[in-house]
Structures are given as structure tokens and as C-alpha cells.
Amino acid sequence: MMSSRGSGGSLSFPQPDFETCFIRPHCALSFSSRFGNDHIMELTVLDHKLHICSIAKRSIPAFTHSLIKLSLLNFTGCQFFSFTETCDDFTLVVDDAGYQSLSSSREHIETDGNVWLALTVSFGPGTSMVTMGITNIAKSLIVPLADGSVPIYCLSTYQSDFILVKEKDIDRVIEIMSSKVQIFKQVDGEHVLVEKPEQVSNHEHVAKDRLILHKFKTPKNRFLLTSINPDSLHTVGVALIQNMFYSESCNDLIEDQEKFFSFSLVEKDVSIVLDEQTLQRFPPNTLFINNEFWRMVKIGDIPEGLGFDECGIAAQMSEPIADANISEYYISTYYSDQMLVPENRLEEVLELLHSRQVRVGADLVKEKDIDRVIEIMSSKVQIFKQVDGEHVLVEKPEQVSNHEHVAKGSLYLFPTDRLIIHKFKTPKNRFLLTSINPDSLHTVGVALIQNMFYSESCNDLIEDQEKFFSFSLVEKDVSIVLDEQTLQRFPPNTLFINNEFWRMVKIGDIPEGLGFDECGIAAQMSEPIADANISEYYISTYYSDQMLVPENRLEEVLELLHSRQVRVGADLPSD
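Going by the numbering used here, the residue at position 560 of the sequence shown is 550; the numbering climbs one at a time, nothing skipped.
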């Protein structure tokens, strides 16, 4: 797990045929305070109560249904959703509404047990930014919180940088930051000024080289920061589902690359961080792209993860990058931290980081200092010594540093004029017969998923209507039968539609269904319709049959069917 978490060369990538500019519009709130470099700043505590969760790779099938609801269908009221896949796990950051929607599979979730609050920093009008990402808040927020012993979790997105702190630490955060900036709390959508506490921290950060305590590495993936208008999410729904839940079927990583994919939907801002191979799975010209490649520095290389109680990890990594005015994005996950820096400045970043790194091991710090290292660090993390290639846990010394942070249906035909034996009824839905080019299925992917698996969330049937939706893909022919309400859930101008309304005659009204051995049901229903030259579509299902006839000939159809019907009941002849 992770805690004090603290993240961006230039190349024109050919996917979009339009020019994109990279703008990260932080929320602009009215406030004026200055901190360092004459940057006008404001700090806002958002009203989301967040949960950080880990899902093991083997357990993700249990969550697919719930996570599609959260990420693409907006049925849960979740306003803060972040999903990140690494080679270690799937990390989720969700608000209370999102967390509650996962309750049916909660036994497969690991959480750190805390409620977290999200902080955002905004810069006022006229503030000029040379760098992008978390670099702009490293010294103004991340470093002071590290110096004040507050663990943090960082989440950079295309639009914003969120610093998460434990709800129980918020008073300490206000104490530390109130002498530097004005602080607002979001309450029912309004921003309320937080009064400065009587006791404030007057600690001034003293410039010093902060040692980097954890191992880091640089996978060879080349990453891109992308976004999309939330109203257009349906255009990439299939690609998102493929990459979120079925990425193991796309094994296109090369040597020294690592799995990393991050999708965030915070209020109405969508952010997708992906590598160049993953981008190829998205339809062309659908994503807004920052046309720069970014490389990752991955922090953390211990089996139990970085933990959520250690302070200063993000500060250790981000401070030298900020000092060098290098843009950086930072994405924490349950077990590790990921820092993204511009590809054309990677070597410079690595040189800066290596210059501050304490390399854990008797040959990398002075041997005489190792006991002191253990004393300082044992209250923060578990410590291992490498012995003959094995990692052996070091027992906590009796005397430890008092700096407090502990890591942790068949068709049969009768040849004769026949009676209709089964009951039938006519729901009041008005149906349409539609199709789509199979190469364009991605444009309706989200709508299909919503109607195939989440239709209970769209309770728009009126009196005497029944649920019916049919999707068929036979070789390369796509057919979709739906009612007029369901059509409204599909993006405009995506389906080929037979502009005629059809009404349904539903056959079968017995608990066990019509079965698969009785002959002549379709013949009983269809023969009189064919004799009258009335168009008809017939769809069998496991328990019933459905016949679709033109709405303007429904009364004629019913008259024909009733004229041949044996009314099931006491007047039915016995065997």
C-alpha cells in the first residue's frame, strides 16, 4: 500500500486529425493569498468522502458489472471514480456512493480502513505556469504536509491534481496550511471559507536535500495523457471495457514494459492515462491528447507495498523535480506510486533522483550508520535485509524514532389448418427493427451494455408494457429490436432504422415456458398472418415466443388469431 504520494519529450502523435492543446483548468474560486513565487493560490477541501481499495487480478470478474455501472452508466450517483490497473492489482478510489455499489462483492476488496478527503489547489487569474501537473504544488502543498507528518495519496488527472488526506488528519492539514493560503471547504456544492484556527503551524520549510528512501525503476512504456467529453464516452465504451477488464487478452507489452492504465471520472471530468499500444485499441479521433510522450518512474519494490502511513514519499520524489522546473504527474496506487515525466527530460530526472537516493543495503549506506537507519525507518515501514538473495524481516529495535508512522427456442410445422392452443397477449410497447454496421458497434457499445445488463436501472416502462430487447450478431449482420423508449438511450444517428412501428404478440403463459418439444406453435400463429399477406417477425426465447406485426394492422391480426384460438381453461377438451 501507499501513502505519502506525491507526476509529464515532445512528439506529435498521429491519432487525432485535429490540433489539441493541453489545458488543465483547475476550479477557479474567488480567493487571494500568495505563497512562494508570487503565485496566487487557494486550497479547497472537496466534500467527497473517498475510499481507496485494491482488487486482486483474479477477482476482477466479480466486479465487472458494478464497475461498468460506476464508470460508464452513471446509475449510482458516484461523483468521484478512479480505476488504475498495474501489474500488481486494480486500484479504485471511489466516493461513498461508489463504495456502497460494491457491497455485494466486498469480501474481495482490500481497503486501508480510512476515509479520505480530496484537496485541490487553484491558482488565480494572471498566474503564469511554466510547468504542468503536480510540479506546481510540490513545494506549496506536498512538502509542507510531509514536514508536518501528514501522509498523503496523490492522483493526477488530465484536468487536475488531487491530494488525498485522511479525514482524521484534516484539522492538522488546516493547521499547517492556514498560515500559507486561504482554505475553503465544499459544503453542498458551495465553497465556504475555513476560519484560521487559533493554533497554526509557523513551521517554515528549510531548504534541504530530502533523501529518497524507496527503490524506483523506469519501465519502457511511452505514456500519453488523454481526455474525452463525458457526453462522448459511449464512443469509447467498448475500448474502455476491453482495457479495464480484459486487458490480459491484449498482451502487447514488449520487454521491460509494465501494465499501467488509469481511467478517472471525477464529477464531469474524464481522464485516461495509457501507453501508445493501448491507444491503438481506441477508435480514431475520439480522445483529446496531450501530444507529448511521458515516461514513468515507478516507486516501491517491496511485497506489502508502500503503505498508507509513511509520510514524505511524494515529497522526496517531487521536490528535486520541482526545483528543476520539470513538469510531473503523480498517480498513487494501493501498492506503489507512479510519477510521469516528459520523455525528453527522463535522463535529467533520473540523475536528480539518483543523486538523492539512499540505497538500502550495507554496501550503499555507511555500515556504521545502518543501525540508525533502522531506528529511524522501523516506525515507518517494515525493513528487510537481503541475505543470500532472500529478504529477511528485520525486527523492530527496542528504541525507535518517535516520529510516528507505522507501515501498513425449434421450429416444427403442421401441414393443416390449425387451432391456436396457447394464450397470447399484446403489450403496449411500440417496437422498431434496427441494425448497424458491425464496424461501428463501438459507437453504441455503452448503450448496448446498458440495455443488455443494466436495464433494471432504466425503469421507463408504462402501464401494460413489457421488457423486451433483442441483439443479434450473426456472422457480420447486426440486428437490434427495441422499443421507442430504449431507442432514446442510443446516440443519435447511429442505428439504421425501419421507420415503422411494430406491435408484439407474446405467446405463452405457463410457468415452465413453451418448451422445446412441442410442434406447431409458430405455425399456429403465423399461418393466418401469412394468408392475409401481413408482414411478421418472429423471435423465440427460452420461455416464450414473440411475434412482431405492423402497428397499423394489429387489430386485423388479433381478429385473425382470436378466430382460431382454443381458449385454455375448463372448456378445453381433455386428452
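Backbone N, C-alpha and C fix where the C-beta goes; we use that ideal spot for every residue, glycine too.
Please state the DSSP three-state secondary structure of residue i.
i	result
residue -4	With a pLDDT of 35 at residue -4, under the threshold of 50, the predicted position of this residue should be treated as unreliable, and no value is reported.
residue 553	helix
residue 181	strand
residue 416	coil
residue 481	coil
residue 250	strand
residue 54	helix
residue 212	coil
residue 359	helix
residue 224	helix
residue 567	In the structure as shown, the chain starts at -9 and stops at 565, and residue 567 therefore has no counterpart that could be examined.
residue 566	Nothing in the structure corresponds to residue 566, since the chain is present only between -9 and 565.
residue 237	helix
residue 137	helix
residue 38	coil
residue 435	helix
residue 189	coil
residue 428	helix
residue 580	Outside the displayed span of the chain (-9 to 565) sits residue 580, for which this structure offers no information.
residue 32	strand
residue 369	coil
residue 24	Because the pLDDT at residue 24 is just 33, under 50, the model does not fix this residue reliably, and the point stays unresolved.
residue 380	strand
residue 205	coil
To the nearest angstrom, how far is it from the Cα of residue i to the Cα of residue j?
i	j	result
residue 426	residue 87	35 Å
residue 46	residue 289	20 Å
residue 333	residue 339	10 Å
residue 200	residue 132	13 Å
residue 254	residue 546	54 Å
residue 99	residue 44	6 Å
residue 553	residue 523	17 Å
residue 135	residue 142	8 Å
residue 150	residue 212	21 Å
residue 103	residue 277	35 Å
residue 302	residue 34	21 Å
residue 306	residue 266	29 Å
residue 172	residue 359	42 Å
residue 512	residue 485	29 Å
residue 492	residue 95	41 Å
residue 239	residue 55	19 Å
residue 168	residue 329	28 Å
residue 70	residue 161	23 Å
residue 612	residue 364	Here the chain covers residues -9 to 565 and nothing more, so residue 612 does not appear.
residue 518	residue 409	10 Å
residue 539	residue 242	49 Å
residue 282	residue 154	27 Å
residue 224	residue 436	5 Å
Taking C-beta to C-beta, are residue i and residue j nearer than 9 Å?
i	j	result
residue 431	residue 422	no
residue 178	residue 37	yes
residue 183	residue 72	no
residue 128	residue 300	no
residue 521	residue 528	no
residue 245	residue 76	no
residue 481	residue 424	no
residue 74	residue 251	yes
residue 420	residue 474	yes
residue 166	residue 138	yes
residue 574	residue 40	In the structure as shown, the chain begins at -9 and stops at 565. Residue 574 is therefore absent and cannot be evaluated.
residue 79	residue 323	yes
residue 57	residue 234	yes
residue 42	residue 81	yes
residue 32	residue 113	yes
residue 414	residue 551	yes
residue 130	residue 170	yes
residue 478	residue 418	no
residue 366	residue 125	no
residue 304	residue 320	yes
residue 459	residue 470	yes
Closer than 8 Å: is that where the CB of residue i sits relative to any heavy atom of the ligand FAD?
i	result
residue 326	Although the ligand FAD was asked about, the structure shown includes no ligands whatsoever.
Can you give, in chain order, each stretch of the alpha helix (DSSP H) that sits fully within the region 79 to 121 and has at least 4 residues?
86 to 90
Do three or more CB pairs link the region 256 to 271 to the region 212 to 227 at distances below 8 Å?
yes
Validate contact between the region 202 to 212 and the region 336 to 347 using beta carbons, cut 8 Å, 3 pairs
yes
Could you tell me whether the region 100 to 114 touches the region 60 to 67, using the rule of 3 or more Cβ pairs below 8 Å?
no
Contained alpha helix (DSSP H) runs [length at least 4] in the region 155 to 179, N- to C-terminal order
160 to 167
Report the start-end ranges of each beta strand (DSSP E) in the region 497 to 555 that is 3 residues or longer and not cut off at the edges.
527 to 530 and 535 to 540
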